[in-house]
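Participant: In the UniProt record's numbering, the protein residues as written are 1 to 101. By construction, the Cβ of each residue, glycine as well, lies at the ideal position given by its N, Cα and C atoms. Because the structure is a prediction, the values reported are computed rather than measured.
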Amino acid sequence: MPIRPIDMQVLLPKSQNVSNKNQSMLHKAENIVQSNYNENKQANMEKLKKVNNIEKKENHLITRKKEENNNFLKENKKRNKKQSCKDEKNSKLGQNIDIKV
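Right, dumping it as structure tokens:
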């Protein structure tokens, strides 16, 4: 069954239509896959940010507690030094008696 010229004129435009539809379907599938990939990537980034924020908060709390502890220790040392200076002054206060005759 040979193809006649009239059939050829009808077949060529239809074949182009079919190929365009197939291409659009392929592009649609590729676009869907790409959008799913982007959504998953974005979701993973959000989860990672949440984890990092929690870790930063915990580290901040730990460092703040360490700073408070260090400040408390420094204040105690200062108080102890002041107290020991006062004790030394009080202990020296009555040791010498100056009497002039």
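Rounded to whole angstroms, what is the Cα-Cα separation between VAL51 and GLN42?
Facilitator: Residue numbering aside, residue 51 sits at position 51 when the sequence shown is read from its first letter. Residue numbering aside, residue 42 sits at position 42 when the sequence shown is read from its first letter. Taking the straight line from one Cα to the other gives about 14 Å.
Participant: Out of curiosity, what's the CA-to-CA distance linking GLU68 and LYS28?
Facilitator: Numbered from its first residue, the sequence shown carries residue 68 at position 68. Numbered from its first residue, the sequence shown carries residue 28 at position 28. Approximately 60 Å between the Cα atoms of the pair.
Participant: Tell me the rounded alpha-carbon separation between GLU46 and ILE54.
Facilitator: To locate residue 46, count along the sequence shown from 1; it is residue 46. To locate residue 54, count along the sequence shown from 1; it is residue 54. Cα-Cα distance, rounded: 12 Å.
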